[in-house]
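Report on one structure; see the data block that follows.
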Amino acid sequence: MESTGFNYEVLEFLVAFAFLLAFLIVLFLTVMTHFKPNISRSDSEKYYLDPCKAQLKKPFPSLNDAATIVLTIVVPAYNEENRLPLMLDDALLYLEKRQREEPLFTFEVIIVDDGSNDKTTKKALEYSEKYGTEKIRVLTLSKNRGKGGAVRMGMLSSRGKLLLFADADGATKFAGIEKLEAELSKINTEEHNMAVVCGSRAHLEKNSIAERSLFRTILMFGFHFLVWFLCVRGIRDTQCGFKLLTREAARLLFYNLHVERWAFDVDLLHIAQHFKIPVAEVAVNWQEVEGKLFFQY
Numbered sequence: 002m003e004s005t006g007f008n009y010e011v012l013e014f015l016v017a018f019a020f021l022l023a024f025l026i027v028l029f030l031t032v033m034t035h036f037k038p039n040i041s042r043s044d045s046e047k048y049y050l051d052p053c054k055a056q057l058k059k060p061f062p063s064l065n066d067a068a069t070i071v072l073t074i075v076v077p078a079y080n081e082e083n084r085l086p087l088m089l090d091d092a093l094l095y096l097e098k099r100q101r102e103e104p105l106f107t108f109e110v111i112i113v114d115d116g117s118n119d120k121t122t123k124k125a126l127e128y129s130e131k132y133g134t135e136k137i138r139v140l141t142l143s144k145n146r147g148k149g150g151a152v153r154m155g156m157l158s159s160r161g162k163l164l165l166f167a168d169a170d171g172a173t174k175f176a177g178i179e180k181l182e183a184e185l186s187k188i189n190t191e192e193h194n195m196a197v198v199c200g201s202r203a204h205l206e207k208n209s210i211a212e213r214s215l216f217r218t219i220l221m222f223g224f225h226f227l228v229w230f231l232c233v234r235g236i237r238d239t240q241c242g243f244k245l246l247t248r249e250a251a252r253l254l255f256y257n258l259h260v261e262r263w264a265f266d267v268d269l270l271h272i273a274q275h276f277k278i279p280v281a282e283v284a285v286n287w288q289e290v291e292g293k294l295f296f297q298y
């Protein structure tokens, strides 16, 4: 009998904790949500520097312009001077090799320094100087907007027909983009040319549960349940920072994005499903990286 009573106590605790967690997440998202999408930018954020031409300032293009290259990669970075070079080395090794094998393949990487107080911009400009501004551009935000805000600013400054955003920590191996592109081609069948493919770590869930503390596991399942219950259905991993979009989809989504910080991906996918944009999920090669936050900035 005592064990039965104990089980009920645990169940009551978990239910109470779930309601508390739901309340806190809803409160947090309410505070973090802008009434209107924040697409304004300071004058300095409208330009990128060309380190090869005496720091000449050049204007960024607009997402509303027609695409002029195949792929844009947006990399939001906040105090990433140490991890960013590893991610860029992995990405550029793949991208340069692909360009040699596919002459029509063109790309750019936009590193968005989200108000860092370290040498993130300096490190990024070293790559821009090495590879040229046709391939590497650096957007330094005048103040911290949050990951979603940084991704939005990079997207609004892009030239690609396809747009990918990827975390600066390099947790996802960059060659995984080919799987996302293949899936995008499958689901992008409408005339409006809108589709989104999410990299996913859901296939790693069993291992991650075994390695996580009980508290983190409860938080994870609580968050996933709330996302499923309130807004996004059919996507098991909304938070993986490796997502591919068509240019047309990016226009609709990022001009309507209200959440700029943690869980902005949920808002992004909710908007996509609201407008019936095809969304798919593909497993990617992902590994935990030291220094990665449970709640991204």
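Residue numbers (my numbering): 2 to 298. No residue lacks a Cβ here, since even glycine has one placed at the ideal position from N, Cα and C.
- Of all C-beta pairs linking the stretch 43-58 to the stretch 77-96, fewer than three are shorter than 8 Å, placing the two stretches out of contact.
- Within its own chain, the residues whose Cβ lies closer than 7 Å to the Cβ of residue 124, once the five positions on either side in sequence are excluded, are 82, 85 and 86, listed in chain order.
- The Cβ neighbour count for residue 67, taken over all protein chains shown within 10 Å, is under 16; the residue is labelled exposed.
- Minimum Cα-Cα distance from residue 167 among the listed residues 117, 278, 201 and 99 corresponds to 201.
- Residue 41 is classed as exposed because its beta carbon has fewer than 16 other beta carbons within 10 Å across all chains shown.
- A straight line joining the alpha-carbon of residue 158 with that of residue 69 spans about 12 Å.
- At a cut-off of 4 residues, the continuous stretches assigned as alpha helix (DSSP H) that sit fully inside the stretch 40-110 are 85-102.
- Under the DSSP assignment, residue 137 falls in the beta strand (DSSP E) whose first and last residues are 137-141.
- The three-state reading of DSSP puts residue 123 in helix, counting H, G and I together.
- In its chain, beyond the 5 residues on either side, 95 have a beta carbon closer than 6 Å to the beta carbon of residue 176.
- Within the stretch 181-205, no alpha helix (DSSP H) run of at least 4 residues lies entirely inside it.
- Here DSSP, grouped into helix, strand and coil, assigns residue 172 to coil.
- The C-beta distance from residue 254 to residue 265 rounds to 10 Å, too long to meet the 8 Å contact threshold.
- By the neighbour-count criterion, in which 16 or more other beta carbons inside 10 Å mark a residue as buried, residue 186 falls on the exposed side.
- When DSSP states are grouped into helix, strand and coil, residue 179 belongs to the helix group.
- Under DSSP, no beta-bridge partner is assigned to residue 148.
- When the alpha-carbon of residue 246 is set against those of 263, 273 and 93, the nearest one is in 273.
- In its chain, beyond the 5 residues on either side, 72 and 96 have a beta carbon closer than 6 Å to the beta carbon of residue 108.
- Using a Cβ-Cβ distance cut-off of 8 Å, the stretch 48-65 and the stretch 143-153 are not in contact, since fewer than three pairs of beta carbons, one from each stretch, lie closer than that value.
- Taken through DSSP and simplified to helix, strand or coil, residue 249 comes out as helix.
- Annotated three-state conformation of residue 112 is strand, per DSSP.
- For residue 268, the closest alpha carbon among the candidates 139, 38 and 115 is that of 38.
- Excluding its 5 nearest sequence neighbours in each direction, residue 119 has C-beta neighbours in its own chain below 7 Å: 80 and 82, listed in chain order.
- In this structure, the alpha-carbon of residue 51 lies about 11 Å from that of residue 140.
- Assigned with DSSP and collapsed to three states, residue 161 falls in strand.
- In the displayed model, residue 264 falls within coil according to three-state DSSP, outside both helix and strand.
- Residue 138 and residue 165 have their C-alpha atoms spaced approximately 15 Å apart.
- Distance from the CA of residue 127 to the CA of residue 17, rounded to the nearest whole angstrom, comes to 51 Å.
- In the structure shown, residue 166 falls within a strand segment according to DSSP collapsed to helix, strand and coil.
- Annotation: residue 285 is outside any beta strand (DSSP E) and is labelled neither H nor E by DSSP.
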